[in-house]
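To start, the structure under review is shown below, and the notes come after it.
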Amino acid sequence: MAKASRTPRLVGSIVAVFGIILVVAGGVTWFVVTDQLAAENITVSDDADFLAGDEVDGPFSAYAQAQVINTHALEATGGKTYAELEQDDPTRETAMQASFLRASLFTSVVAYGVALMAIGMGAVFFLIGLALRTPVAAAPSTGAERR
Numbered sequence: 067m068a069k070a071s072r073t074p075r076l077v078g079s080i081v082a083v084f085g086i087i088l089v090v091a092g093g094v095t096w097f098v099v100t101d102q103l104a105a106e107n108i109t110v111s112d113d114a115d116f117l118a119g120d121e122v123d124g125p126f127s128a129y130a131q132a133q134v135i136n137t138h139a140l141e142a143t144g145g146k147t148y149a150e151l152e153q154d155d156p157t158r159e160t161a162m163q164a165s166f167l168r169a170s171l172f173t174s175v176v177a178y179g180v181a182l183m184a185i186g187m188g189a190v191f192f193l194i195g196l197a198l199r200t201p202v203a204a205a206p207s208t209g210a211e212r213r
């Protein structure tokens, strides 16, 4: 009987530790991506729909700058995407560079999302682990169950 009652506590401890690891990993990822974006010294263009003039150092500013890059690239190419341009079109290089820059910024946005999901899942696992470790008191017996 004693062995069976220790199993939920052990599983709870393992789940809680796993949750802590996820929270730490998500936090480290968030801060590394922020540090790397900030090191690029990118500023959101003044004609952005939101966060104009902000330093690109987070998911929203990265998204805002990616949108502005798309707007500028489409203006430069007459509204055509890289795939729509002829091979010898001189604006094709601009469209390609804009596409690469946008992809890089969107990768950071996705990294922020994954980091946030890891933090959230880690918190949930930690709480589940705590719940599994908490002993549940048995309901008092009234004797009516035996009849």
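Residue numbers (the working numbering): 67 to 213.
Beta carbons are placed, not taken as given, at the ideal position from N, Cα and C, and that holds for glycine.
Since the structure is predicted, the reported quantities are computational estimates derived from the model, not experimental observations.
For residue i, three-class secondary structure by DSSP
i    : result
T137 : helix
E150 : helix
T143 : coil
E159 : helix
R208 : Correcting the residue type first, residue 208 is Thr in the shown sequence and not Arg. Here T208 sits in coil by DSSP.
T200 : coil
Backbone CA spacing between residue i and residue j [nearest angstrom]
i    : j    : result
P206 : V81  : 30 angstroms
L103 : L117 : 15 angstroms
T95  : V202 : 37 angstroms
F84  : E152 : 52 angstroms
Close-in-space but distant-in-sequence residues of the same chain around residue i (CB under 7 angstroms, 5 per side omitted)
i    : result
T100 : D123 and G124
S79  : G195 and R199
Residue from the options with nearest C-alpha to residue i
i    : options                   : result
G93  : I194, F126, L196 and L182 : L182
D113 : H138, F126 and E106       : H138
V176 : T143, F126, E159 and V190 : F126
6 angstroms Cβ shell around residue i - same chain, five flanking residues per side excluded
i    : result
A184 : L88, A91 and G92
Can we say the region 167 to 183 touches the region 129 to 136, given the rule of at least three CB pairs closer than 8 angstroms? yes
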